[in-house]
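Notes follow once the structure below has been shown.
Residue numbers (our numbering): 348 to 577.
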């Protein structure tokens, strides 16, 4: 019933407040819910503050009244609402320290994820560095979120939009890094584990949105059966 805040990055992203839950670690990848709890116990006046969720405002996207109130105050009145489970409806803001960026690829009905280490062009037409300028700085940008690598394997990863079923492209280096936890999660969802991972395009099979659509259609990716994200 308690989440934690993290405001370590407000010196360069004043509007940004990370809301850390057991299923959603800090977007930098350095702070889990347990880390924040321990940090608060050590430094009660520090950047990691406990927040009682309060009453549920919208269960599908993950909004609670006390979380929204904290975000409104913590962002200097700039962000009124924040969804824990959605990248479309009131998504969480980002500073600039995220390990990954997820972005909607509209024609595919899915999303791509690119990690900071991947410096090449992505199917959305932007490199990580350009995307970071669009997503970071405490902005709320529907269709884009910064997040940690660990969050990809979370049961709550963009749960409002269908979770990992929406992932249609990741660089090979990222696919390899998250492979074990990703396969376990895919098996839990009866998506086929290794088979599902193989249905996700990467830079060796697709470098444009059109090529991603062609690849996922050919491989019968489960996103094809889902409703459009917008």
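All C-beta atoms in this analysis are idealised placements derived from N, C-alpha and C, irrespective of residue type, glycine included.
task = Can you have a look at residue 420 and say buried or exposed, based on whether 16 or more other CB atoms are within 10 angstroms of its CB?
result = Here residue 420 corresponds to residue number 73 of the chain shown, with the count starting at 1. Counting the other Cβ atoms within 10 Å of the Cβ of residue 420 gives fewer than 16, which makes it exposed.
Other residues of its chain near residue 534: CB distance less than 6 Å, five sequence neighbours each side excluded: Start at 1 with the first residue of the chain shown, and residue 534 comes out as number 187. The answer, listed in chain order, is 540.
>> As an exercise, report each continuous beta strand (DSSP E) stretch of at least 3 residues that is fully enclosed by the segment 421–499, in chain order.
In response: Segments of the beta strand (DSSP E) lying fully in the segment 421–499: 447–452, 457–462, 491–494.
Grab me the residues of residue 570's own chain with a C-beta within less than 7 Å of its C-beta, minus the 5 sequence neighbours each way, in chain order.
In the chain shown, the residue the question calls residue 570 occupies position 223. The beta carbon of residue 570 sits closer than 7 Å to the beta carbons of 455, 456, 457, 512, 513, 515, 563 from its chain, once the five residues preceding and following it are set aside; these are given in chain order.
#### Entry: C-alpha distance - residue 412 paired with residue 349, whole-angstrom precision
As a first step, residue 412 is located in the chain shown; it is residue number 65 there, counting from the start. As a first step, residue 349 is located in the chain shown; it is residue number 2 there, counting from the start. Near 13 Å, if we compare the C-alpha coordinates of residue 349 and residue 412.
Requested in this report: Taking residue 409 as the reference, give the member of 435, 392, 384 with the closest Cα.
Outcome: Residue numbering aside, residue 409 sits at position 62 when the chain shown is read from its first letter. Nearest C-alpha to residue 409: 435.
When you compare only the Cα positions, how much space is there between residue 398 and residue 552?
Locating residue 398 in the chain shown gives position 51, where the first residue counts as 1. Locating residue 552 in the chain shown gives position 205, where the first residue counts as 1. Roughly 44 Å separates the two Cα atoms.
Among the candidates 418, 573, 555, 387, whose CA atom is the shortest distance from the CA of residue 518? Position 171 of the chain shown, counted from the start, is the residue given in the question as residue 518. For the residues 418, 573, 555, 387, the minimum Cα distance to residue 518 belongs to 555.
Looking at residue 446 and residue 496, is the spacing between their C-beta atoms short of 7 Å?
Taking the first residue of the chain shown as 1, we reach residue 496 at position 149. Taking the first residue of the chain shown as 1, we reach residue 446 at position 99. In this structure, residue 446 lies closer than 7 Å to residue 496 by Cβ.
Tell me, please, whether the segment 521–531 touches the segment 473–486 by the rule of three or more beta-carbon pairs shorter than 8 Å.
no
- [ ] Quick one: using the 10 Å Cβ neighbour count with 16 as the cut-off for buried, is residue 476 buried or exposed?
- [x] Within the chain shown, numbered from 1, the residue matching residue 476 stands at position 129. By the neighbour-count rule (16 or more Cβ atoms within 10 Å), residue 476 is not buried but exposed.
Residue 460 classed as buried or exposed, judged by whether at least 16 other C-beta atoms fall within 10 angstroms:
Locating residue 460 in the chain shown gives position 113, where the first residue counts as 1. Burial call: buried.
### Message
On the criterion of 16 or more Cβ atoms from any shown chain inside 10 Å, does residue 529 qualify as buried, or is it exposed?
### Response
On the chain shown, position 182 is the one that residue 529 refers to. So residue 529 ends up on the buried side.
>> For residue 378, list the residues DSSP reports as bridge partners.
In response: Translated into the one-based positions of the chain shown, residue 378 becomes position 31. Paired residue(s): none; residue 378 is not in a bridge.
* Asked: First and last residue of the beta strand (DSSP E) that includes residue 398?
  -> Mapped onto the chain shown, residue 398 falls at position 51. Unbroken beta strand (DSSP E) run through residue 398: 397–399.
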